[in-house]
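What follows is a set of notes on a single structure, which appears directly below.
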Amino acid sequence: MEKEEKKEWFESEDFWNNYGPIMFDEQRWSEAPAVAERVVSLSGAGKGARILDAGCGIGRISVELAALGLDVTGVDLIQSELDAARESADDEGVPLTLIRDDLRTFRTEKHGIGKFDAAVDLYTSFGYCDTEEEDTQILRSIFDSVKEGGTFILENISREVAIRYFTKGEEFERAGKIVRTEFSVVGAWEGLRSRWILTDKETGSVIDHEFVQRLYSAPDLKRTLLGIGWKTVEIFGDFEQNPYDENMQTMVLVCRK
């Protein structure tokens, strides 16, 4: 009898159906147009340029990039997320190519498409695989998907950002749920454990999920990206290209091939 292949938590449709409305609240949607504009500026991509949104999810950024005149392809593992992205693109009347695939093994040639002028991986969607090797596979896949002279923008929580903004948790209401979060440090700041407990306000039903995100320091991640083959990697503390110093808001890496 064949052994059943182990699935990661982020491969679960149920997880995203339950937690997506909590993670992508009104604030995240409202900031998307400004983030998309900064991404275009950082990448140097002109109208019609082909851009890969790696881990596009519900298409929050993909749709805004398409609205700015870019030829956008979103890749994600979860079909329900891709369906939501398609619905958003149709509502906004913008073209959007969507591909269901695992970024660890994604290859442009597998789908019969050419390489991209730029790629993005935004809103802390990196660092959830079981091993560092799998994380690196994702970065290699993105590198291989971009043309010579192209750009990759990675925005993610770093070890430094996690330390600066660490909190043990909070409680709030969103999307008809009472949300309680609990956070703890894994190892010597090697990861951040997050527990999200959702209680339905009407039924009282409870959903409880815990996951760990691997934390990389910005310099370590820069070394990894340079080792993969990017010619230059710049580190910024936000999308406005402010320094990555004690005032950083997030980690934004701009890689050029």
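Residue numbers (our numbering): 1 to 257. Cβ coordinates follow ideal geometry from the N, Cα and C atoms, glycine included.
Please report the straight-line C-alpha distance between V186 and G69, rounded to a whole angstrom. Rounded to the nearest whole angstrom, the C-alpha separation of V186 and G69 is 42 Å.
Take the Cβ of K47 as the centre, count every other Cβ of all protein chains shown within 10 Å, and call the residue buried at 16 or more, exposed below. Label assigned to K47: exposed.
Taking the alpha-carbon positions, what's the D238 to G57 distance? 21 Å
Could you tell me which residues DSSP pairs with S184 in its beta bridges? R193
Do S43 and A118 have their beta-carbon atoms positioned less than 8 Å apart in this structure? Yes, the pair counts as a contact, with Cβ atoms nearer than the cut-off.
What residues in its chain sit with their C-beta under 7 Å from that of K3, if we drop five residues either side in the sequence? With a pLDDT of 39 at K3, under the threshold of 50, the modelled position of that residue is not reliable, and no figure is offered here.
Under the DSSP definition of a beta bridge, which residues are partnered with H209? W196
Measuring only the C-alpha atoms, how far is V39 from A67? 13 Å
Have a look at D83, Y128 and L139 and flag the residue whose alpha-carbon is nearest the alpha-carbon of F324. This structure does not reach residue 324, given that the chain is present from 1 up to 257, and the question cannot be answered.
Given 8 Å as the limit, is there contact between the stretch 129-139 and the stretch 216-231, that is, 3 or more CB pairs closer than that? Yes, they touch.
Roughly how many angstroms separate the alpha carbons of P258 and L77, rounded to a whole number? Beyond the ends of the chain as shown, which are 1 and 257, falls residue 258; an answer cannot be given.
Suppose you measure from the CA of E132 to the CA of L192; what does that come to, to the nearest Å? If you take the alpha carbons of E132 and L192, they lie about 15 Å apart.
Can you grab the Cα-Cα spacing for the pair F166 / T250, in whole Å? 13 Å
Can you pull the DSSP bridge partners for I178? According to DSSP, which records beta bridges pairwise, I178 is partnered with E173 and T199.
Nearest neighbour of V120, chosen from A218, R60 and P95 [CA to CA]: Minimum Cα distance to V120 is reached at R60.
Can you tell me where the alpha helix (DSSP H) holding L226 begins and where it ends? Residues A218 to I228.
Hey, quick one: how far does the beta strand (DSSP E) through V72 stretch, first residue to last? D71 to D76
Given 8 Å, three or more beta-carbon pairs between the stretch 81-97 and the stretch 172-180: Taking a cut-off of 8 Å for Cβ pairs, the stretch 81-97 and the stretch 172-180 do not touch, as fewer than three such pairs fall below it.
Exposed or buried, what is K222 when buried is set at 16 or more other beta-carbons lying within 10 Å of its beta-carbon? buried
Distance between T203 and Q241 (C-alpha atoms, nearest Å): Approximately 46 Å, taken between the alpha carbons.
Just confirm the distance between the C-beta atoms of R214 and G114, as a whole number of angstroms; I'd bet it's less than 8 Å. That pair is no contact at about 32 Å.
In chain order, what are the residue ranges of uninterrupted beta strand (DSSP E) at least 3 long that sit wholly in the stretch 76-154? Complete beta strand (DSSP E) runs here, min 3: 97-100 and 116-121.
Where does D258 land, buried or exposed, given buried means 16+ other C-beta within 10 angstroms? Outside the displayed span of the chain (1 to 257) sits residue 258, for which this structure offers no information.
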